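With the working numbering applied, the sequence shown corresponds to residues 7 to 626, in that order.
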Amino acid sequence: MSSASSSFLPLFERAGFDRKRLTFAFKTATVAFIALVVAQALGLEHPQWSAMTVWATAQPMREHLLEKGVWRFLGTVSGIIVGVALIFAGQWQPWALVLGLALWVGLCSGIGLLQRGMVAYGTILAGYSAAMVALLSTAHPEHVLLLGLDRFSTIAVGVVLAMGLGYFFTPKRPTHTLNEALRATSAACLHSVLSQAQNSASAHTTDLLQKIALLDEGMDMHAIGSLKSRQRVQQARLVLLAQLNLTLYLQQHPNLRLTEGLQAAIAARAQALQATDVLTPIPILTHSQSSLAQNGLSELINALLLALNPSSQATYMPANTHLHLHRNWLGAAHTFVRSFSVLGAVGLLWLYTGWSFLPFMMLGLSVMLSIFASFENPAWFMRYVTLGQAMGAGAALACMWLAWPLAQSSWQMVWWMLPFMASCVFIYAHKRSMLASFDCIMVMLILLQPSFPVHMGFAQSVGNAVSVVMGPVIALLAYRFIFPAHPSKRLQYLLTMVRYETRALCAPHLQADQVLAKRTRLIHSLLRTQRLNDKHAQSNPDIAADILKQLGKIELIVGLQQSLQDNTQISSSTRRLMRAVLKTWQSPERDAQHATHMLQVLHQRLPKLTLLHLMLNTAK
Numbered sequence: 007m008s009s010a011s012s013s014f015l016p017l018f019e020r021a022g023f024d025r026k027r028l029t030f031a032f033k034t035a036t037v038a039f040i041a042l043v044v045a046q047a048l049g050l051e052h053p054q055w056s057a058m059t060v061w062a063t064a065q066p067m068r069e070h071l072l073e074k075g076v077w078r079f080l081g082t083v084s085g086i087i088v089g090v091a092l093i094f095a096g097q098w099q100p101w102a103l104v105l106g107l108a109l110w111v112g113l114c115s116g117i118g119l120l121q122r123g124m125v126a127y128g129t130i131l132a133g134y135s136a137a138m139v140a141l142l143s144t145a146h147p148e149h150v151l152l153l154g155l156d157r158f159s160t161i162a163v164g165v166v167l168a169m170g171l172g173y174f175f176t177p178k179r180p181t182h183t184l185n186e187a188l189r190a191t192s193a194a195c196l197h198s199v200l201s202q203a204q205n206s207a208s209a210h211t212t213d214l215l216q217k218i219a220l221l222d223e224g225m226d227m228h229a230i231g232s233l234k235s236r237q238r239v240q241q242a243r244l245v246l247l248a249q250l251n252l253t254l255y256l257q258q259h260p261n262l263r264l265t266e267g268l269q270a271a272i273a274a275r276a277q278a279l280q281a282t283d284v285l286t287p288i289p290i291l292t293h294s295q296s297s298l299a300q301n302g303l304s305e306l307i308n309a310l311l312l313a314l315n316p317s318s319q320a321t322y323m324p325a326n327t328h329l330h331l332h333r334n335w336l337g338a339a340h341t342f343v344r345s346f347s348v349l350g351a352v353g354l355l356w357l358y359t360g361w362s363f364l365p366f367m368m369l370g371l372s373v374m375l376s377i378f379a380s381f382e383n384p385a386w387f388m389r390y391v392t393l394g395q396a397m398g399a400g401a402a403l404a405c406m407w408l409a410w411p412l413a414q415s416s417w418q419m420v421w422w423m424l425p426f427m428a429s430c431v432f433i434y435a436h437k438r439s440m441l442a443s444f445d446c447i448m449v450m451l452i453l454l455q456p457s458f459p460v461h462m463g464f465a466q467s468v469g470n471a472v473s474v475v476m477g478p479v480i481a482l483l484a485y486r487f488i489f490p491a492h493p494s495k496r497l498q499y500l501l502t503m504v505r506y507e508t509r510a511l512c513a514p515h516l517q518a519d520q521v522l523a524k525r526t527r528l529i530h531s532l533l534r535t536q537r538l539n540d541k542h543a544q545s546n547p548d549i550a551a552d553i554l555k556q557l558g559k560i561e562l563i564v565g566l567q568q569s570l571q572d573n574t575q576i577s578s579s580t581r582r583l584m585r586a587v588l589k590t591w592q593s594p595e596r597d598a599q600h601a602t603h604m605l606q607v608l609h610q611r612l613p614k615l616t617l618l619h620l621m622l623n624t625a626k
């Protein structure tokens, strides 16, 4: 098989197929069909949901697969419980089903936007799983418990097989990829220091900021799999903070002058970061290697080298430190309002008209308004979703009315589904259709229930298919007109939020842990801003410069707050001056010249504060 596949794979690649996606899709489709057969053998009413679960749970890495399977199971169970409760509530008052479902999906969508990794996936899944139970049993509410049990059983079969068989199909995540990326970026930072010192020219700080932001974006995926992975990512974020501080130093010191001894020491450590094993610690700079004039730079480099050392966590990171990350609270509120209002409106239309296809439309909407709310440009992506769902609906109708009439039993209907499921492998792997492939697969399976004989008429099946496809169409309109989600708007929102939070960082009487929490959250928000800038604004240099300026101001404010709390030798007059600076920055309409003058006075009184935090260029 391997020799045959190796001879055919180049042909597929020349035809536009991606080799890795083709292999992954073939393995996933195989497990999905096995899940379908097992669910059918167990006598479950909706065996296709087991196949859907396999596709939804599938991941290219083993750690991701296992954690996603767990959260899919937990999210589904939660959704089933709520869905059954909503059906019982609907028997009492029909409007309770509609409004309760809209409220639940809206809450799960909004809360899911505040979570990360597979926790977010499980939260969102709990929302539309309730819709699958509640909306698919409206015709027979007396069977809701059986439907809930069937839904649970099919999901359990899918999860078990996806995690069991998929465990042997998927490789383990490479252990040291994150450390290698961190070391490569750290080496780039040190090379920038040398370049700026040797060429007397400003380093490409924007390029460094882009690399750091790109690393930060992938942190959530590296945290999946185990507690050890999460701890490793927490340490990695400390490395990013150290890289940012060094980048900021280069931005603030364009005319950098280093002794030959310090240059040689930095060059040796940059070379070691690229050449040595990722677990080998790099020695820090000694006092003999650094110059007195560049002591601040040496401290920043040493902080970076210490953060890269896995064994230094206990000494480098304070005990019980939790890095607070950016959470899109405004986006979560918008998501809730959008999901609740659209689902509520369509649900009330269903109660008023009684149209039988509207529950399927609500089902599609609940998925579209939940999953894609976190996308940077969901309205743009809805075009591919609509195409994929139209392809899946067409495939389902073809199977239902061209192949299934030839079947004489439910088992034959299952086997007739095989060629249609196999065709999805090629749709998934082709470069032109990959963006639409997942929705094609899921819609095809959700519309195909292998139950002999088929009780559904042609007109009803077409109506159900059209109503499902209308879901992303209405979702596209919702994303475009109800709190429009667009990269440029999100970019401006992030910048506005950072400025607001920066003023809050200047508040008096903040505790040390509060200062740390606000600092890490602000820095993470700025990194997210940089990624949006890189991907959707063609890396606007003005925005990148503004980000570095904000980073410098944040570090300056943190330095002032820490000095007020830690340094007991500061005179009362100096303390009053520091508080006056912070108070000035609390106002959105501050006197810049007055603040700069006060900082110059502080610089004269506390010259050592400039080593890490006090950068007058930022205050201007």
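Backbone N, C-alpha and C define an ideal beta-carbon position, used for all residues, glycine too. Predicted, not measured: the structure shown is a model, and the values here were computed from it.
Other residues of its chain near residue i: CB distance less than 6 angstroms, five sequence neighbours each side excluded
i	result
L80	G128
V125	none
N160	It is Thr, not Asn, that sits at residue 160 in the sequence shown. Hits under 6 angstroms: A45, L50, H52, W55 and S56.
A325	With a pLDDT of only 38 at A325, under the threshold of 50, the placement of this residue in the model should not be trusted, and no figure is reported.
Where residue i sits in the DSSP three-state scheme
i	result
H436	strand
F363	coil
F23	strand
M7	Any reading at M7 needs caution, since the residue's pLDDT is 42, under 50, leaving its predicted position unreliable; the model's value is listed next. DSSP places M7 in coil when its eight states are reduced to three.
A309	helix
M138	helix
I488	coil
G463	coil
F458	coil
T590	helix
T392	helix
N315	coil
P478	helix
S376	helix
I576	coil
Q610	helix
G49	coil
N539	helix
H600	helix
A413	coil
F381	coil
Counted within 10 angstroms of its Cβ, other Cβ atoms place residue i as buried (16 or more) or exposed
i	result
T181	exposed
S415	exposed
S11	Legend: pLDDT at S11 = 49, less than 50; position of this residue unreliable, no value from coordinates given.
T191	buried
Y134	buried
W407	exposed
K506	A small fix is needed here, since residue 506 is Tyr in this sequence, not Lys. Per the 10 Å Cβ criterion, exposed.
H461	exposed
G89	buried
K74	buried
W61	buried
E465	As written in the sequence, residue 465 is Ala, which differs from the Glu given in the question. It is exposed - the Cβ of A465 has fewer than 16 other Cβ atoms within 10 Å.
R582	exposed
Span of the alpha helix (DSSP H) around residue i
i	result
S494	P493 to L511
T211	T211 to E223
K178	Element bounds for K178: n/a, residue is neither H nor E.
H70	R68 to W98
V60	Q54 to T63
Q517	That residue, Q517, is in no alpha helix (DSSP H); it is neither H nor E in DSSP.
Q567	P547 to D572
L188	T183 to N205
Any chain D beta carbon closer than 8 angstroms to residue i
i	result
R189	No chain D is present in this structure, which holds just one protein chain.
Contacting residues, own chain, Cβ-Cβ under 8 angstroms from residue i (five flanking each side not counted)
i	result
A601	V587, T590, W591 and A625
L119	A126, N334, G337, A338, T341, A379 and S380
I117	T129 and A338
F174	none
Cut-off 7 angstroms between Cβ atoms - residues of its own chain near residue i, not counting five sequence neighbours on either side
i	result
A194	L214 and K217
K495	none
Problem set entry | Residue ranges of each alpha helix (DSSP H) within the stretch 210-293, 4 or longer | 211-223, 225-228, 233-258 and 266-281
Problem set entry | Every unbroken alpha helix (DSSP H) inside the stretch 96-130 [4 residues or more] | 100-120
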